[in-house]
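**Student:** Here's a structure for you.
In this note's numbering, the protein residues as written are 63 to 147.
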């Protein structure tokens, strides 16, 4: 994947936090840290959108005989088998 160079501005507090993350050895560079944060946010946003779509579908389908626990387990099972969630 092609890389695009960006210049960003962060607060002093954010810079300190980033430096702490680098110091712990979890990341080799600021860029690696930021890419990881972006990936995590993209995944979180995708998960929220899937849940939103499931809620819309559920509202349109009426009542279910399944328990809340059954529904949660089904969503978790679907998430494990589908990277798009």
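Glycine residues also receive a C-beta, built at the ideal position from the N, C-alpha and C atoms.
With a Cβ-Cβ cutoff of 8 Å, do residue 116 and residue 137 count as a contact?
**Tutor:** Yes, Cβ-Cβ distance for residue 116 and residue 137 is below 8 Å.
**Student:** Name the two residues that bound the continuous alpha helix (DSSP H) containing residue 134.
**Tutor:** Where residue 134 is concerned, the enclosing alpha helix (DSSP H) stretches over 130-143.
**Student:** Under the three-state reduction of DSSP, which class applies to residue 148: helix, strand or coil?
**Tutor:** Residue 148 cannot be examined here, being either before or after the span of the chain that is shown, 63 to 147.
**Student:** I'd like the span of the alpha helix (DSSP H) that includes residue 93, first residue to last.
**Tutor:** Here the alpha helix (DSSP H) through residue 93 covers 92-123.
**Student:** Roughly how many whole angstroms lie between the Cα atoms of residue 70 and residue 92?
**Tutor:** If I take the Cα positions, the gap works out to 11 Å.
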